[in-house]
Amino acid sequence: MIEKKMRSGITTGTCAAAATKASILAWQGLFPDSVEVFSPQGQVIKVAISASAATLAGGNAAVIKDAGDDPDITNGTEIRAEVYISDEIGLTIKAGQGVGVVTKPGLSISVGEPAINPGPRQMITQAATDVLPAGKGAVITISIPEGERLAKKTLNPILGITGGLSVIGTTGIVEPMSEEAFKSSLSPQISVIKALGYSSIVFVPGKIGQDIACRSGLPAEAIAQTSNFIGYMLENAVTHGMKEVLIFGHLGKVVKVAAGIFHTHNRVADARLETIAAYLAAAGAPQAMICSILECTTTEAAAEIIKEYQYESVYKTLAQRATARAERYTFNELKVGTVIVTLRGEILGMDDGAEEIGAKLGWHIK
66 MIEKKMRSGI TTGTCAAAAT KASILAWQGL FPDSVEVFSP QGQVIKVAIS ASAATLAGGN
126 AAVIKDAGDD PDITNGTEIR AEVYISDEIG LTIKAGQGVG VVTKPGLSIS VGEPAINPGP
186 RQMITQAATD VLPAGKGAVI TISIPEGERL AKKTLNPILG ITGGLSVIGT TGIVEPMSEE
246 AFKSSLSPQI SVIKALGYSS IVFVPGKIGQ DIACRSGLPA EAIAQTSNFI GYMLENAVTH
306 GMKEVLIFGH LGKVVKVAAG IFHTHNRVAD ARLETIAAYL AAAGAPQAMI CSILECTTTE
366 AAAEIIKEYQ YESVYKTLAQ RATARAERYT FNELKVGTVI VTLRGEILGM DDGAEEIGAK
426 LGWHIK
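Quick look at the structure:
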């Protein structure tokens with residue numbers, strides 16, 4: 066069977082640049098169905114224009130984002146540009162409805178500026194410059210009407226970007242199912258936390274872990290989501306000069322780290338129940354218990370058996386092992402502590418490093 070080739074798409078930055086160009090052309094009385102813009106690498110990208118109109122002082126236009134076969138939450142979203150033409154030479158780029166504003170240091174954009182990354186800014190600037198008459202400048206306002214709603218499904222609230230989405234894209238093109246692109250969206254969390262003055266950071270797998278960590282009393286501004294890429298985020302913590310990491314996660318994720326698995330997606334590796342069974346066996350658990358653990362389909366079910374047999378001490382052992390594996394993974398450039406929790410937010414166990422790092426973050430719990 067021949068595999069279907071995945072279709073690439075365009076970034077929000079490309080959409081914003083194309084809408085900007087079409088807005089200026091509308092002011093000039095031109096209403097093309099598509100325009101060409103340049104990526105930061107000089108590649109020509111043809112973009113369809115869904116609407117454009119002239120105004121008394123400029124023009125506006127819209128582009129419907131086509132993310133190709135990538136599962137992008139902004140696919141099909143309208144991205145708009147409104148341009149005010151000025152006799153003052155120069156360009157100003159503003160955030161309109163649904164485009165976020167940066168409120169925390171550590172990102173590539175300064176605090177108080179629209180969350181429009183350097184690549185898209187370059188594309189918008191070139192698109193405007195290509196069609197503006199000599200001696201004219203412009204104020205360009207980029208809007209994403211659905212942006213504020215969609216931003217709740219992104220990391221923007223954690224990164225301190227309020228009011229909407231970021232306009233992003235380093236190449237202008239969205240490659241479908243890009244793991245590298247997703248990983249790259251996670252690491253800016255670390256630079257923000259570093260810029261806030263923290264040298265200790267809390268790693269959680271996702272939104273559920275983040276909520277549990279906050280409810281437990283850990284500072285929200287020091288928490289970063291890792292998704293399945295715990296190894297990648299540990300490496301980036303070292304690169305950013307962090308000193309300590311508190312791994313705070315569900316039993317099902319932490320036990321994989323204890324087994325030396327640093328990409329925790331179940332299709333990459335899954336030894337959760339086997340690892341739990343091995344450490345229980347080492348602690349002298351009866352064979353009937355071990356067999357019951359191996360018959361489970363979830364670690365939550367395994368936790369009930371551990372409780373029934375009163376072998377809860379295994380959680381501290383697993384936390385210690387996860388810490389040792391993580392420190393070895395970073396060649397001991399990080400001090401690590403580990404906390405294991407349930408989906409309901411109950412703390413199952415932790416190691417001494419977790420108590421020590423947690424205390425530095427203002428978290429005191431036994």
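Heads up: the sequence shown begins at 66 in the numbering used here, then just goes up one per residue.
Note that beta-carbon positions come from the ideal geometry of N, C-alpha and C, so glycine has one too.
In whole angstroms, give me the CA-to-CA distance for residue i and residue j.
i: residue 191; j: residue 286; result: 36 Å
i: residue 215; j: residue 393; result: 38 Å
i: residue 200; j: residue 180; result: 28 Å
i: residue 344; j: residue 272; result: 29 Å
i: residue 358; j: residue 336; result: 12 Å
i: residue 118; j: residue 363; result: 56 Å
i: residue 231; j: residue 349; result: 53 Å
i: residue 73; j: residue 244; result: 14 Å
i: residue 67; j: residue 130; result: Bear in mind that a pLDDT of 45 at residue 67, under 50, signals an unreliable position, so the number given afterwards is only what the model happens to contain. Taking the straight line from one Cα to the other gives about 28 Å.
i: residue 418; j: residue 137; result: 38 Å
i: residue 178; j: residue 159; result: 8 Å
i: residue 77; j: residue 189; result: 11 Å
i: residue 370; j: residue 132; result: 46 Å
i: residue 354; j: residue 341; result: 11 Å
i: residue 383; j: residue 263; result: 27 Å
i: residue 416; j: residue 182; result: 40 Å
i: residue 333; j: residue 429; result: 35 Å
i: residue 420; j: residue 279; result: 16 Å
i: residue 100; j: residue 367; result: 58 Å
i: residue 110; j: residue 75; result: 8 Å
i: residue 149; j: residue 106; result: 28 Å
i: residue 96; j: residue 281; result: 56 Å
i: residue 251; j: residue 134; result: 21 Å
i: residue 163; j: residue 346; result: 55 Å
i: residue 411; j: residue 246; result: 33 Å
i: residue 195; j: residue 258; result: 39 Å
Can you tell me whether residue i is buried or exposed, with buried defined as 16 or more other CB within 10 angstroms of its CB?
i: residue 108; result: exposed
i: residue 320; result: buried
i: residue 427; result: exposed
i: residue 145; result: buried
i: residue 157; result: exposed
i: residue 121; result: exposed
i: residue 86; result: buried
i: residue 309; result: buried
i: residue 98; result: exposed
i: residue 104; result: buried
i: residue 385; result: buried
i: residue 184; result: buried
i: residue 186; result: buried
i: residue 327; result: buried
i: residue 275; result: buried
i: residue 396; result: exposed
i: residue 423; result: buried
i: residue 318; result: buried
i: residue 193; result: buried
i: residue 81; result: buried
i: residue 155; result: exposed
i: residue 123; result: buried
Measure how close the beta-carbons of residue i and residue j come, nearest whole angstrom, since I'm counting them as under 8 Å.
i: residue 372; j: residue 414; result: Not really, about 12 Å apart at Cβ, beyond 8 Å.
i: residue 291; j: residue 268; result: 5 Å
i: residue 266; j: residue 323; result: The pair is not a contact, with the Cβ atoms about 20 Å apart (cut-off 8 Å).
i: residue 102; j: residue 139; result: Rounded, the Cβ-Cβ distance is 17 Å, inconsistent with contact.
i: residue 203; j: residue 151; result: 6 Å
i: residue 305; j: residue 255; result: 5 Å
i: residue 260; j: residue 351; result: Not a contact, Cβ separation roughly 52 Å.
i: residue 307; j: residue 399; result: 7 Å
Is the Cβ-Cβ distance between residue i and residue j less than 8 Å?
i: residue 391; j: residue 311; result: no
i: residue 234; j: residue 212; result: no
i: residue 206; j: residue 161; result: yes
i: residue 142; j: residue 223; result: no
i: residue 197; j: residue 277; result: no
i: residue 356; j: residue 338; result: no
i: residue 125; j: residue 153; result: no
i: residue 113; j: residue 84; result: no
i: residue 406; j: residue 388; result: no
i: residue 217; j: residue 297; result: no
i: residue 175; j: residue 166; result: no
i: residue 315; j: residue 270; result: yes
i: residue 408; j: residue 377; result: no
i: residue 253; j: residue 172; result: yes
Under 7 Å from any heavy atom of the ligand NAD, does the C-beta of residue i make it?
i: residue 238; result: The ligand NAD is not among the ligands present in this structure, which contains no ligands whatsoever.
> Along the chain, which unbroken stretches of the beta strand (DSSP E) at least 3 residues long are found entirely within the stretch 253-295?
Replying inline: 265-269 and 288-290
>> Which runs of the alpha helix (DSSP H) at least 4 residues long sit entirely within the stretch 162-208? Give them in chain order.
In response: 183-196
>> Give the list of continuous alpha helix (DSSP H) stretches no shorter than 4 residues that lie fully inside the stretch 313-375.
In response: 316-323, 337-347, 352-360 and 364-374
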